[in-house]
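As you go down the protein sequences, you meet chains A and B in turn. In this text, residue positions in the first sequence follow the numbering used here: the first is 3, and each later residue adds one. In this text, residue positions in the second sequence follow the numbering used here: the first is 23, and each later residue adds one. For each residue, glycine too, the CB sits at the ideal point set by N, CA and C. Only a predicted model underlies this, so the values are computations on that prediction, with no experimental measurement involved.
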Amino acid sequence: MDTQEIISSGDLELYVYGALTEEESRKVSNALKEHPEIRKEVEEIENSLQKLSASAAPAYNAEAILARIKQKLGQKSEPKVIEIERDKETNWVSYIGWAATVLLLIGLFFVFEDKNDLREQLNAERTKTARMEQQIADAREYADKAEELLAVLRDKNVSKVPLQGQNVAPEAYAAVYWNKDEKKAYIDAKELPEPPRGKVYQVWSLKLEPLTPTSIGLLDEFTLDDNKIFTLENANESQAFGITLEPEGGSESPTMDQLYVLGAVASL
Amino acid sequence: MQQDGLILELQNGNHKAFERIYQLYSESVYGIIYSILKDEAIAEEILQDVFMKIWNNASSYNSNKGRFFTWILNIARNASIDHIRSKSHKNSQKNLTADNFVNILESNSNFSAKADAIGIKKYIDILKPDCKKLIDLLFFKGFTQKDAAEELDMPLGTVKTRNRACINKLREILVE
Chain A
3 MDTQEIISSG
13 DLELYVYGAL
23 TEEESRKVSN
33 ALKEHPEIRK
43 EVEEIENSLQ
53 KLSASAAPAY
63 NAEAILARIK
73 QKLGQKSEPK
83 VIEIERDKET
93 NWVSYIGWAA
103 TVLLLIGLFF
113 VFEDKNDLRE
123 QLNAERTKTA
133 RMEQQIADAR
143 EYADKAEELL
153 AVLRDKNVSK
163 VPLQGQNVAP
173 EAYAAVYWNK
183 DEKKAYIDAK
193 ELPEPPRGKV
203 YQVWSLKLEP
213 LTPTSIGLLD
223 EFTLDDNKIF
233 TLENANESQA
243 FGITLEPEGG
253 SESPTMDQLY
263 VLGAVASL
Chain B
23 MQQDGLILEL
33 QNGNHKAFER
43 IYQLYSESVY
53 GIIYSILKDE
63 AIAEEILQDV
73 FMKIWNNASS
83 YNSNKGRFFT
93 WILNIARNAS
103 IDHIRSKSHK
113 NSQKNLTADN
123 FVNILESNSN
133 FSAKADAIGI
143 KKYIDILKPD
153 CKKLIDLLFF
163 KGFTQKDAAE
173 ELDMPLGTVK
183 TRNRACINKL
193 REILVE
């Protein structure tokens with residue numbers, strides 16, 4: 003189609019109406035960019051339609067409506083007001099500046115506070131962590147001990163010697179697990195009453211004829227030990243074991259009226 | 023006449039360009055809206071909405087797709103038709119007498135104040151009835167060529183050629 007055909011086709015009028023398809027409109031848009039005659043024709047059609055529709059408008063206050071539109075859009079309306087507004091703006095700027103400063107200071111204060119809080123929190127967390135690490139270490143130690151005890155109990159060379167409560171404490175009970183080969187005695191003192199302050203349990207290896215007591219050790223830190231299992235060296239040819247309550251540090255020979263428990267090694 | 027530089031300024035958010043666009047197009051837009059809604063107060067409301075849309079959606083206008091005037095025209099027609107479909111319109115508009123732009127032009131009170139409008143009144147008197155109807159449907163109401171052909175019981179090609187003849191008449195009168 004040459005330009006004259008396009009112009010006389012009636013498509014340009016429909017183009018301005020918006021009655022063409024998108025595809026057709028695109029073609030016309032391209033054509034009017036390339037051909038000034040087409041562009042001129044379109045502009046004249048548009049001009050006449052603009053006038054036609056304008057004449058269908060009732061009388062209206064164009065400026066007032068524009069002002070309302072601008073207000074709704076948040077645009078400033080009158081250019082004359084600019085100078086007054088500029089003064090206002092400077093005030094605003096300084097107010098905003100002061101407000102910002104105050105806000106900043108408040109903000110900084112809170113940041114500082116926050117930082118302190120965080121530091122405290124961090125310290126608390128660190129303590130907690132340390133405590134938990136300690137607990138883990140304790141538990142591991144405890145587990146190791148338990149395993150060791152289990153191994154002791156299972157060892158065929160270990161003989162169990164039950165120690166029965168004596169006159170001082172008929173309810174008391176203890177046991178010695180004695181590994182003769184390794185020369186070790188494990189004292190289970192779970193059923194012994196807690197020793198009074200300043201006193202300590204002392205374990206004796208006894209030979210019966212004649213009765214010869216040999217100290218094999220003290221149950222130190224009795225209250226602090228959880229499982230109340232104490233490991234002592236015993237290289238004696240023990241025939242019996244006894245536990246007496248002695249003054250702190252232990253005694254050379256047992257205080258017999260403070261004999262808590264006593265038991266003989268079963269003769270094999 | 024389409025001012026591409028002005029449109030670009032508008033798209034860049036220039037307030038002055040927006041004012042200029044308003045001055046160039048608001049009366050046409052108002053005429054379109056009023057010819058559809060036939061109520062001054064409502065048409066003024068829609069006119070505001072249309073220009074807010076023009077400002078807010080300026081970036082979506084693309085000269086490859088069509089004329090800026092056509093873009094505005096579509097916004098105005100769509101906003102008016104949306105209003106007609108809305109409930110508030112159905113309640114308020116019951117007794118419409120003017121059914122096309124011709125009636126509006128003939129009853130328009132500020133008619134004589136406009137030089138162009140005087141020419142248009144003359145044109146209307148001269149125009150054949152099917153010309154008036156064609157322009158009303160295609161331009162003011164935004165009918166497609168096909169819909170207009172059906173409405174007027176006219177072959178599709180005739181709609182186009184006859185419409186061109188009508189617009190040519192209009193242009194002649196406006197030049198005089």
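{"Query": "Return the first residue and the last residue of the alpha helix (DSSP H) that A/N32 is part of.", "Result": "24-36"}
{"Query": "I need the straight-line Cα distance from A/E122 to A/F114, nearest angstrom please.", "Result": "12 Å"}
{"Query": "Of the residues A/D13, A/E36, A/H37, A/K35, which one's Cα is nearest the Cα of A/E26?", "Result": "A/D13"}
{"Query": "Give the straight-line distance between the Cα atoms of B/T183 and A/S11, rounded to the nearest whole angstrom.", "Result": "7 Å"}
{"Query": "What runs of the beta strand (DSSP E), each 3 residues or longer, lie entirely inside the segment 159-204 of chain A?", "Result": "160-167, 175-181, 186-193"}
{"Query": "Report the residue from B/K150, B/T92, B/L178, B/R107 whose alpha carbon sits nearest the alpha carbon of A/E24.", "Result": "B/T92"}
{"Query": "Answer yes or no: do A/L220 and A/G244 have a C-beta to C-beta separation smaller than 7 Å?", "Result": "no"}
{"Query": "By how many angstroms is the C-alpha of B/K154 removed from the C-alpha of B/I195?", "Result": "15 Å"}
{"Query": "So, with DSSP's three-state summary, where would you put B/T166?", "Result": "coil"}
{"Query": "Going by the CB atoms, is the gap between B/S108 and B/Q68 shorter than 7 Å?", "Result": "At residue 68 of chain B the sequence reads Ile, which differs from the Gln that was named. No, the Cβ-Cβ distance between B/I68 and B/S108 is not below 7 Å."}
{"Query": "Count the other CB atoms, across all protein chains shown, that sit within 10 Å of the CB of B/I106; report buried if there are 16 or more and exposed otherwise.", "Result": "exposed"}
{"Query": "For A/Q6 versus B/S50, is the C-beta spacing smaller than 7 Å?", "Result": "no"}
{"Query": "By the criterion of Cβ-Cβ separation under 9 Å, what are the contact partners of B/Y52 in chain A?", "Result": "S55, A56, A58, A59, P60, Y62, A64, I67"}
{"Query": "Is there a C-beta anywhere in chain B that falls below 7 Å from the one on A/G76?", "Result": "no"}
{"Query": "Does the distance from the C-beta atom of A/Y179 to that of A/V154 stay below 7 Å?", "Result": "yes"}
{"Query": "Which residues, in chain order, does the segment 107-121 of chain A contribute to contact with chain B at a C-beta distance below 9 Å?", "Result": "none"}
{"Query": "What's the C-alpha gap between A/M134 and A/D146?", "Result": "18 Å"}
{"Query": "Does the segment 33-45 of chain A come within contact of the segment 74-84 of chain B, defined as at least 3 CB pairs closer than 8 Å?", "Result": "no"}
{"Query": "Considering only DSSP beta bridges, list what A/T214 is partnered with.", "Result": "A/K209"}
{"Query": "Once DSSP output is grouped into helix, strand and coil, what is the label at B/A98?", "Result": "helix"}
{"Query": "So, is the C-beta of B/A48 closer than 7 Å to a C-beta in chain A?", "Result": "One detail in the question is off: residue 48 of chain B reads as Ser in this sequence, not Ala. Yes - at least one Cβ of chain A is within 7 Å of the one on B/S48."}
{"Query": "Specify the secondary structure class of A/E248 as computed by DSSP and reduced to three states.", "Result": "strand"}
{"Query": "Could you spell out the range, first to last residue, of the beta strand (DSSP E) harbouring A/A266?", "Result": "261-266"}
{"Query": "Would you check if the distance between the CB atom of A/Q204 and the CB atom of A/T233 is smaller than 7 Å?", "Result": "no"}
{"Query": "DSSP three-state label for A/E223, please.", "Result": "coil"}
{"Query": "Quick check: B/I43 and B/L30, are their CB atoms within less than 7 Å of each other?", "Result": "no"}
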